[in-house]
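In the working numbering, the protein residues as written are 35 to 547. Idealized CB from N, CA, C, for every residue including glycine. Keep in mind that this is a model prediction, so the values were computed, not measured.
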Amino acid sequence: MRTSSISPLHLLAFFLILVIGLRFAILLSSQSQVDGDEAVIGIMAQHIQEGKSFPIFFYGQPYGGGAALEAYLALIPYALFGISSISLKLVSFVLFGITLFLVFYWVKDFWGELAAILAVVILASSSALIEWSSKVRGGYSLLLLLQILLWIFYTRIVFRPTSSPKVYIGFGFLVGLSYYNHELSLSLLLTLFLATLYNRKSFYSKEKFVFLVLGFLGGVSPLIYYNLTHDMENWRNIFDLGSGGSVWWGNIKSLPTYLLGFFNPRNVDRFVVDSPWDSYLEMAIYAFLFCFLLGKVFLNRKNLSEKEGNKGDFLVPWLILYIFIHLFSYSASQIAHISPRYLLPLYPTLGILIAITLSYLYKSKHQLLSLVSIFLFCFLVGRGLWYHISYLGSSRVVEDVYMPSKKMVNLEFSGASLDKLLDFLEQKQIRYVRCPYFLQWRIIFASQEKIIASSEQFIPGLSRYPEYDLELKTAFRFAFVVYQGSYFEQSFREHPDKMIAYDVAPYVVFIPR
């Protein structure tokens, strides 16, 4: 009698359906509302659709091409489903799914089916990536996708030197596009540049170099155009952001804290909450597996060549080098202290390295190492699935709140509270609002510009779209909206003779008498 067996690929397909289903449920529930930065991109997409604007960068700044790319991509779900938070967030949701597919394709080619399955499962179930699969925050989702595509094209060139000109043009285009998308890609581009020097015979013929340059110029063309027409503002700004001066050693010493913050599921915004105990354990597991792989590479360093039978071993040191380059460049930057989200580019490569290590351990001749690999894998996946389930629930949004102590903190609010606020403003026939920065953009996006808001008096000097501020200056009637318990509420309540206060939790609306 013929018996049927379930293959590992069938199990992977079942698992992906489960996790993608969970993430879609999360998208429709707790992550169904945009935060302030996402709302800016949503408005950018709306303006593109209406023909009002064709941005090259994030509104109001000379960098962040990924925000513009996400806005243009959002035109597809906008056309299919209309303008909404869900439509906008579908951009990252789809990009994350494509990234998982490419990870499987690439890892399987170099480290085998088992490592590919482990890599996809680890990345798909990761608690650190839960919010990122639905966040449109300025090129971060594209950052992960482009990273894998760069490795795919690079290895195609190295191991198939007779590749057609299209491959070289494609690789050059991805290099340029990655730089335009997000400056955090520079550490990977530096790694690939060093790798091309090592494998120069695969790249440095006259014809191949011309194809690479042509592709690069195509990918980076929006950035070149902007710099030529704006006095090199973008390049000057990137230099300023990247120079951390004498602070880099202090940031390096603080790296464990930043890394711990990233292993916390709440790693999108400025990190202010304490990490759960299992974040420490997960970070320790990653560190152990990474050090194990590092030792294996050191012991096998004589076999690190690009020979056909040793492709995977040849690539691992470059992946490890990328990890170190990004950690160092992150520490040397002025942005290091702001948020652990700037470590996000590490995650696809780090997840792949962890999967490769688990695959090595599982195939070991020592049964104990195989059991250890199974235990560690189950813990990582189990922790991730648990946090996926914990993210199901009513919508919530994190926003910056300026407290009476004059300290800015991240506080979490119900997504439905904005709908109540908009209903109240509509009842009071208020079309113009002055409010804090994050709330400004959420109000404009959620009302689809039926209510115009400005944060000009709350954050002097920061104006992403000056047209809104100018409109407020000529408004005959407007209201102030602030957070309950904030510094601004305290200040406004000191003038009851000038303001009428209405509590629309968690906000307070002050209407001038």
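Delimiting residues of the beta strand (DSSP E) encompassing residue i
{"i": "R430", "result": "430-436"}
{"i": "P546", "result": "541-546"}
{"i": "Y536", "result": "533-538"}
{"i": "M442", "result": "442-448"}
{"i": "K515", "result": "One point to set straight first is that residue 515 is Val, not Lys, in the sequence displayed. It spans 513-517 - the beta strand (DSSP E) in which V515 sits, taken as one unbroken run."}
{"i": "S488", "result": "486-488"}
{"i": "V467", "result": "466-468"}
Contact set for residue i: own chain, Cβ-Cβ below 6 Å, skip 5 residues either direction
{"i": "A509", "result": "Y466"}
{"i": "F411", "result": "L392"}
{"i": "A150", "result": "F138, V141, K142"}
{"i": "A487", "result": "V467, C469, Q474, I477, I478"}
{"i": "L46", "result": "I151"}
Buried or exposed (CB count within 10 angstroms, at least 16 for buried), residue i
{"i": "R57", "result": "buried"}
{"i": "E460", "result": "exposed"}
{"i": "T291", "result": "exposed"}
{"i": "W185", "result": "buried"}
{"i": "T23", "result": "What the structure shows of the chain is the stretch from 35 to 547, and residue 23 is not part of that stretch, so it cannot be assessed."}
{"i": "A153", "result": "buried"}
{"i": "T189", "result": "buried"}
{"i": "F245", "result": "buried"}
{"i": "F332", "result": "exposed"}
{"i": "E342", "result": "Legend: pLDDT at E342 = 44, less than 50; position of this residue unreliable, no value from coordinates given."}
{"i": "K242", "result": "buried"}
{"i": "S133", "result": "Sequence inspection shows Thr at residue 133; the Ser mentioned does not correspond to that position. T133 is buried by the Cβ-count criterion."}
{"i": "L162", "result": "Reading off the sequence shown, one finds Ala at residue 162, where the question assumed Leu. Buried is the call here."}
{"i": "Y259", "result": "exposed"}
{"i": "I386", "result": "buried"}
{"i": "K169", "result": "buried"}
Member of the options whose CA lies at the smallest distance from the CA of residue i
{"i": "F328", "options": "Y421, W140, Y356, F472", "result": "Checking the displayed sequence, the identity of residue 328 turns out to be Leu instead of Phe. Here the closest residue by C-alpha is Y356."}
{"i": "A105", "options": "G131, D71, F138, F135", "result": "D71"}
{"i": "F296", "options": "L384, F322, L183, L323", "result": "L384"}
{"i": "G416", "options": "S239, S373, S159", "result": "S159"}
{"i": "Y174", "options": "R194, T189, F135, K123", "result": "K123"}
{"i": "L392", "options": "A102, G146, Y214", "result": "G146"}
{"i": "F202", "options": "L231, T225, L179, S239", "result": "According to the sequence displayed, residue 202 carries Tyr and not Phe. Of the candidates L231, T225, L179, S239, the one whose C-alpha sits nearest the C-alpha of Y202 is S239."}
{"i": "L377", "options": "E433, R468, S118, L293", "result": "L293"}
{"i": "S497", "options": "V74, F322, G210, S221", "result": "V74"}
{"i": "S507", "options": "E490, V515, G519", "result": "The question names Ser, but residue 507 is Lys in the sequence shown. Checked all of E490, V515, G519; the closest Cα to K507 is E490."}
{"i": "D143", "options": "S87, L223, K345", "result": "K345"}
{"i": "A321", "options": "V155, P379, I388", "result": "I388"}
{"i": "F187", "options": "P199, L177, F205, V170", "result": "F205"}
{"i": "Y425", "options": "P540, P374, I60", "result": "I60"}
{"i": "G427", "options": "F472, G449, M442, V443", "result": "G449"}
{"i": "K200", "options": "L148, L177, L248, K169", "result": "L248"}
{"i": "L218", "options": "I132, K441, F447, P379", "result": "P379"}
{"i": "V516", "options": "P530, Y536, D531", "result": "Y536"}
{"i": "S398", "options": "F115, K330, G418", "result": "K330"}
CB of residue i within 8 Å of CB of residue j, strictly
{"i": "F207", "j": "G172", "result": "no"}
{"i": "P382", "j": "L157", "result": "yes"}
{"i": "L136", "j": "I90", "result": "no"}
{"i": "F522", "j": "M533", "result": "no"}
{"i": "V600", "j": "K454", "result": "What is shown of the chain runs 35 to 547, which leaves residue 600 out entirely."}
{"i": "S481", "j": "L504", "result": "no"}
{"i": "S363", "j": "S221", "result": "yes"}
{"i": "P256", "j": "G99", "result": "yes"}
{"i": "S66", "j": "S429", "result": "yes"}
{"i": "P540", "j": "S439", "result": "no"}
{"i": "E165", "j": "V302", "result": "yes"}
{"i": "L178", "j": "N215", "result": "no"}
{"i": "I485", "j": "Y471", "result": "no"}
{"i": "H422", "j": "V53", "result": "yes"}
{"i": "Y436", "j": "S520", "result": "yes"}
{"i": "I120", "j": "L62", "result": "yes"}
Close beta carbons around residue i, own chain, < 8 Å, minus the five adjacent residues each side
{"i": "S280", "result": "Bear in mind that a pLDDT of 45 at S280, under 50, signals an unreliable position, so the number given afterwards is only what the model happens to contain. Excluding sequence neighbours, S280 sits near nothing in its chain."}
{"i": "I77", "result": "Y93, W475, I478, F479, E483, Y499"}
{"i": "E340", "result": "Low confidence applies here, because E340 scores a pLDDT of 47, under 50, leaving its location unreliable and the question unanswered by this model."}
Close beta carbons around residue i, own chain, < 7 Å, minus the five adjacent residues each side
{"i": "L395", "result": "L403, S404, V406, S407"}
{"i": "Q83", "result": "L109, Y112"}
{"i": "S167", "result": "R57, S126, F127, F130"}
{"i": "L251", "result": "G210"}
{"i": "F88", "result": "I82"}
Limits of the alpha helix (DSSP H) - the one that residue i falls within
{"i": "E165", "result": "Segment: none, E165 is in no alpha helix (DSSP H) and carries neither H nor E."}
{"i": "Y259", "result": "255-263"}
{"i": "R194", "result": "Where R194 is concerned, there is no enclosing alpha helix (DSSP H), given that its DSSP letter is neither H nor E."}
{"i": "F91", "result": "That residue, F91, is in no alpha helix (DSSP H); it is neither H nor E in DSSP."}
{"i": "F492", "result": "Here F492 belongs to no alpha helix (DSSP H), and DSSP marks it neither H nor E."}
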